[in-house]
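Student: Our numbering applies: residue 168 is where the sequence shown begins, and numbers increase by one. All C-beta atoms in this analysis are idealised placements derived from N, C-alpha and C, irrespective of residue type, glycine included. Nothing here was measured: the structure is a model prediction, and the numbers come from that model. Mind having a look at this structure? Questions to follow.
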Amino acid sequence: MAVTPPATDADRSDAGGRQAWMDARAAVDKQLTARQVMQDAPVIPVIVLSDTTQAVLLAKALVAGGIRMLEVTLRTPQALACIEAIARQVPDAVVGAGTLRSAADAQACSMAGARFAVSPGYTQALGQACSDLGLPLLPGVATGSEIMMAQEAGLSELKFFPAMQAGGPAMLKAWSGPFGDVRFCPTGGVSAANAADFLALPNVVCVGGSWLTPADAVEQGDWSRITALALDACKLVRRAVR
Ligand code: 3PG
Numbered sequence: 168m169a170v171t172p173p174a175t176d177a178d179r180s181d182a183g184g185r186q187a188w189m190d191a192r193a194a195v196d197k198q199l200t201a202r203q204v205m206q207d208a209p210v211i212p213v214i215v216l217s218d219t220t221q222a223v224l225l226a227k228a229l230v231a232g233g234i235r236m237l238e239v240t241l242r243t244p245q246a247l248a249c250i251e252a253i254a255r256q257v258p259d260a261v262v263g264a265g266t267l268r269s270a271a272d273a274q275a276c277s278m279a280g281a282r283f284a285v286s287p288g289y290t291q292a293l294g295q296a297c298s299d300l301g302l303p304l305l306p307g308v309a310t311g312s313e314i315m316m317a318q319e320a321g322l323s324e325l326k327f328f329p330a331m332q333a334g335g336p337a338m339l340k341a342w343s344g345p346f347g348d349v350r351f352c353p354t355g356g357v358s359a360a361n362a363a364d365f366l367a368l369p370n371v372v373c374v375g376g377s378w379l380t381p382a383d384a385v386e387q388g389d390w391s392r393i394t395a396l397a398l399d400a401c402k403l404v405r406r407a408v409r
């Protein structure tokens, strides 16, 4: 269920209206878990955006292809505005924020309308901020110690990052023994060519990657190509989700 953010900047400056929206969204967000974010589709697209019009059209193209969990990375000055534009204008999408590195990032993303968060690493401060905000977090891990720290905070759905550079499917196989209760979203170097190798593993629920949103397709407004890539991604078979 989507909760529509305030329609105009005027609504936004009305503290009461803004608070009502935040409260309503927090109630909905409580129902969204990191596991649900991972289970929704085989791929979470990792998206870089610098234009709000493109953001809306891109989100619609991905939703048309069956992908609605969208990770918009905080890598451009316009990222928060793009998250807000998608949250307002594409109710069928569930927009999340990526590349969170601080509690302040979590706060800003939540205010913009992000409904889940993804980070390249894990810190207690970030974990606490996301928990306080009711923002499901998929934190990045690349070592056993990082997994144990995330688990101490009650997080068992984790992003394996950077997946190919940090050991690829072989690393996830090695982790499945000691960390059998953890589920991963490998991201970083994952593509249409190797996604199936990850998704065949019992501890991989989905993968993340930028290949669904090629920069040239976004630039040229080639939305049908992006919808086609999303449709292909939805056909990937997952062992962990049947
Ligand atoms: C990232 O943080 O950029 C993601 O890991 C995406 O990596 P990719 O471009 O290799 O898919």
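Please name the residue in Q295, Q387, A367 and K227 whose C-alpha comes closest to that of V262.
Tutor: If we check each option's Cα against that of V262, K227 comes out closest.
Student: For A281 and L300, what's the separation of their Cα atoms in angstroms?
Tutor: Cα to Cα, A281 sits roughly 11 Å from L300.
Student: Three Cβ pairs or more, each shorter than 8 Å: is that satisfied between the region 342-361 and the region 311-326?
Tutor: Yes, the region 342-361 is in contact with the region 311-326.
Student: Which of the three DSSP states is assigned to V170 in this structure?
Tutor: Reliability fails at V170, whose pLDDT of 44 lies under 50, so the model's placement of it is uncertain and the value that follows must be treated cautiously. Note: V170 maps to coil in three-state DSSP.
Student: Identify whether A281 lies in helix, strand or coil by the three-state DSSP scheme.
Tutor: It is coil, neither helix nor strand.
Student: Excluding sequence positions up to five away, which residues of its chain have a Cβ less than 6 Å from the Cβ of F365?
Tutor: Within the same chain, F365 has close Cβ partners P336, P353, V371 and V374.
Student: Any heavy atom of the ligand 3PG inside 7 Å of the beta-carbon of G376?
Tutor: Within the cutoff, so yes.
Student: Starting from the N-terminal side, write out each stretch of the beta strand (DSSP E) that is 3 residues or longer and does not extend beyond the region 250-279.
Tutor: Qualifying beta strand (DSSP E) stretches, in chain order: 261-265.
Student: Run the proximity test for T243: is its beta-carbon closer than 7 Å to any non-hydrogen atom belonging to the ligand 3PG?
Tutor: Not under cutoff, so the answer is no.
Student: Within the chosen definition, does the region 307-316 reach the region 271-279 through at least 3 CB pairs nearer than 8 Å?
Tutor: These segments do not touch.
Student: Helix, strand or coil: which one does DSSP assign to P336?
Tutor: It is helical.
Student: Reducing DSSP to helix, strand and coil, say where K227 ends up.
Tutor: Note: K227 maps to helix in three-state DSSP.
Student: Extract the residue ranges of the beta strand (DSSP E) inside the region 371-405, only unbroken runs of 3 or more that lie entirely within it.
Tutor: Segments of the beta strand (DSSP E) lying fully in the region 371-405: 374-376.
Student: Ignoring anything shorter than 4 residues, give me the alpha helix (DSSP H) runs that lie fully in the region 298-333, in order along the chain.
Tutor: Complete alpha helix (DSSP H) runs here, min 4: 311-319.
Student: Under 8 Å, do T380 and L225 count as touching if we go by C-beta distance?
Tutor: Contact: yes.
Student: Considering only residues of the same chain and omitting the five flanking positions on each side of V257, which have a CB-CB separation below 8 Å?
Tutor: Cβ neighbours of V257 beyond the five flanking positions: V223, A226, K227 and V230.
Student: In three-state terms, what does DSSP make of F346?
Tutor: Three-state DSSP puts F346 in coil, outside helix and strand.
Student: In angstroms, rounded to a whole number, what distance separates the CA positions of Q295 and T243?
Tutor: In a straight line, the C-alpha of Q295 is about 25 Å away from that of T243.
Student: Bridge partners for I211 per DSSP, in chain order?
Tutor: G375.
Student: Can you find the residues in the same chain that come closer than 6 Å, C-beta to C-beta, to A252, ignoring five residues on each side of it along the sequence?
Tutor: Result list for A252: T219, A222 and V223, in chain order.
Student: Since L267 and L237 should fall inside the 8 Å C-beta cutoff, what is the C-beta to C-beta distance between them, to a whole number of angstroms?
Tutor: Wrong, their Cβ atoms sit about 15 Å apart, outside the cutoff.
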